[in-house]
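Residue numbers (our numbering): 4 to 745.
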């Protein structure tokens, strides 16, 4: 019998009753499965219960222990399904089978040169020789933990999937239960897992896309953050280990030297890059209005971590090379140009500023679904701040206050303190689950899940109603009931109802359309718009009910209609979208501009430039949307005509568009009268790079009075050109009195 067959046979064997009886009273009777790591997992004790004494939760809340070792250990991330079953990724590869480049700094240059996962594996084999086999000795796995008795405490833990231990594998770090399947993120692939027999173990394992993890980089900068968007697409993130990934349908994502966010269909097709420039975004979350947020980790040079509003095409500025850059000061441009700053301190116009500086070690994130806690948590987001010890780690709670086309932090407080949480998620029966790493940075061999709840709010009948709706599912519900549920208080119910109704195709249009047009519930209207967008992918007629909403009296309805029509690339909406560029509210303008970029219409160029002029560089997100609109038009002639516009905001928009297009004409801005544009052009030419424009950048060495970041890039350009003329220019610059000493 092979090892894999043997493991499959023993995974569901319950431990003897005499052994279970010897465990602490709190855990007597729990069903545990046999595994290869029993020696690495601590046995049952009352430590988890005792630890509640040093955990502080917000006023009005209670905390209870739901599960503890040996039911789980080393929990990286966690997700709860609609039946209140908890999936947990347990890592046994952490600090042993997955390397960190800080332990092999003599490999750094070779690691940075890697462009594919195959390059990284070849590097490991070359450097480690036969010892590379040690990287496969342990695997990460997924536990399925359940309360099968309704006691309120977990009593069963099953190994749902295991065997993720190839040389190229990373640390499993992302989960999403959806539509009876489980999406799992573990370098080098995004997997789809499914239990078709009901035995608690995945018998289907499929790679939806693969090629993530180009670099060794830092431990934990992995593939993670799997969530579903209002468009019923899968979103997920990668740290700066990068990606050169491909899906089965041939779609691809090339992002080798930074972290970012990807998007694909539920079957893995149409893989695309959604946003870039992140360092290590551990988890992603959508709010009620379809906005995507993440916490991005700092590089430990003294800069704070960032709370980021993630938008399509956005660049948050981070590049992997900044981690190792020590000249002229530690942290490279990230630090000495303060590229991590919030607006208006942020210098780089190509970077979308974070909403706020928040925490030190962003990990799991969640959004309050609307039931189970008191009303004061409506619209609240939560972020785990993992700091390596339970004493100073917290779970933050806060809301997003609209600020133009972006947001600002409001109502910030501490939801949990004194627990070394890695991830959080909300339970269908009310309250939040938080998984506890227990202590330290290395594998503790322990793991707990606590439930934080409001005893008073739990008595609201809506909590039990929500639990039952989610547990019973939505697939067999009548269409009319699904339509009614679009206005339910709980986000999970609304979203499930939307997805289930949209799956019925054309027959759902007459149900979605009147709700989208007019409903007492704004959120029901938004779900109806998103549902029509889902159907519109196959039946464009569904979008006929969305187009008139571009003139709706509700700004958020106008914004979401623009977003959906842009995603659908509905050419007939062009005129209405152009008109929306002059909307009195920023969000409709933002989504109209992005939509016009996807439509690729050149007649939108002049109105987009007018929007940029009116914005006057005050709102970086609105400027970004204008640039996305101009980039989609592809009208370089119009860009060049606008490059001499009296408005520096218009010229900046043109410059950033040329940057996205990789056009050498961007070099003309090296002579602009505005120093900000000169700097922005130098950044683009050197950092992208835009190779044909390097000679013009190197020529700046002859100019005096330039800012240090521009001069550094001019020096680098001359070095990269490598011609005798460039060498003479470098020598002359170095000999010039007053030259900086780097």
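We treat Cβ as the ideally placed atom computed from N, Cα and C, and that holds for glycine.
Among the options, nearest to residue i - alpha-carbon criterion
i           : options               : result
residue 201 : 183, 471 and 193      : 183
residue 414 : 432, 384, 421 and 395 : 384
residue 560 : 583, 401 and 399      : 583
residue 701 : 726, 137 and 109      : 726
residue 174 : 216, 155 and 440      : 216
residue 102 : 160, 220 and 159      : 220
residue 606 : 463, 594, 634 and 623 : 634
residue 510 : 489, 549, 241 and 538 : 538
residue 424 : 406, 455 and 402      : 455
residue 430 : 381, 86, 361 and 144  : 86
residue 395 : 420, 314 and 470      : 420
residue 642 : 626, 320 and 666      : 666
residue 115 : 406, 212 and 327      : 327
residue 118 : 445, 194, 323 and 438 : 323
residue 282 : 289, 325 and 448      : 325
residue 54  : 233, 235, 440 and 264 : 440
residue 179 : 244, 140 and 426      : 426
residue 363 : 353, 298 and 334      : 298
With 16 other Cβ atoms within 10 Å as the buried cut-off, status of residue i
i           : result
residue 302 : buried
residue 640 : exposed
residue 479 : exposed
residue 2   : Absent from the model: residue 2. The displayed extent of the chain is 4 to 745, so no value can be given.
residue 7   : Note that residue 7 scores 33 on pLDDT, short of 50, meaning its location in the model is unreliable; the coordinates nonetheless yield the value given after this. Exposed: under 16 other Cβ atoms inside 10 Å.
residue 570 : buried
residue 31  : Annotation note: pLDDT 31 at residue 31 (below 50); position unreliable, coordinate value reported separately. By the neighbour-count rule (16 or more Cβ atoms within 10 Å), residue 31 is not buried but exposed.
residue 377 : exposed
residue 554 : exposed
residue 46  : exposed
residue 631 : buried
residue 28  : Bear in mind that the predicted position of residue 28 carries a pLDDT of just 29, short of 50, making it unreliable; the figure below should be weighed with that in mind. Exposed, by the Cβ-count rule.
residue 738 : exposed
residue 732 : buried
residue 293 : buried
residue 108 : exposed
residue 433 : buried
residue 165 : buried
residue 722 : exposed
residue 735 : exposed
residue 459 : exposed
residue 152 : exposed
residue 729 : buried
residue 674 : exposed
residue 105 : exposed
residue 694 : exposed
For residue i, the first and last residue of its enclosing beta strand (DSSP E)
i           : result
residue 297 : 295–299
residue 444 : Where residue 444 is concerned, there is no enclosing beta strand (DSSP E), given that its DSSP letter is neither H nor E.
residue 416 : 409–420
residue 82  : 78–83
residue 384 : 384–388
residue 71  : 65–71
residue 796 : Outside the modelled stretch of the chain, which goes from 4 to 745, sits residue 796, for which no answer is possible.
residue 722 : First-last for residue 722: 711–724, but that is the alpha helix (DSSP H), not the beta strand (DSSP E).
residue 405 : 397–406
residue 424 : 424–429
Supposed contact pair residue j and residue i - C-beta distance, whole angstroms, cut 8 angstroms
i           : j           : result
residue 71  : residue 56  : Rounded, the Cβ-Cβ distance is 15 angstroms, inconsistent with contact.
residue 597 : residue 576 : The pair is not a contact, with the Cβ atoms about 13 angstroms apart (cut-off 8 angstroms).
residue 311 : residue 259 : Incorrect: roughly 21 angstroms between the Cβ atoms, too far for contact.
residue 535 : residue 520 : Contact doesn't hold; Cβ gap of about 11 angstroms is too wide.
residue 205 : residue 75  : The Cβ separation is near 17 angstroms, so there is no contact.
First and last residue of the uninterrupted alpha helix (DSSP H) at residue i
i           : result
residue 563 : 558–570
residue 532 : 525–539
residue 597 : 589–602
residue 686 : 678–690
residue 100 : Per DSSP, residue 100 belongs to no alpha helix (DSSP H) and is neither H nor E.
residue 517 : 512–520
residue 577 : 577–583
residue 196 : Segment 192–197 is the beta strand (DSSP E) holding residue 196; no alpha helix (DSSP H) there.
residue 695 : Careful: residue 695 lies outside any alpha helix (DSSP H) and carries neither H nor E.
Task: Ranges of the alpha helix (DSSP H) found wholly within the stretch 304–364, counting only runs of at least 4 - done: 335–339
Task: Entirely enclosed beta strand (DSSP E) segments - the stretch 104–186, minimum 3 residues - done: 143–149, 159–167 and 177–181
Task: Every unbroken alpha helix (DSSP H) inside the stretch 611–674 [4 residues or more] - done: 623–636, 639–645 and 651–664
Task: Whole runs of the beta strand (DSSP E) within the stretch 215–287, excluding any shorter than 3 residues - done: 226–231, 237–241, 246–250, 255–258, 262–267 and 275–281
Open item on the list: Could you tell me which whole beta strand (DSSP E) segments of length 3 or greater appear in the stretch 447–511?
Closed with: 451–456
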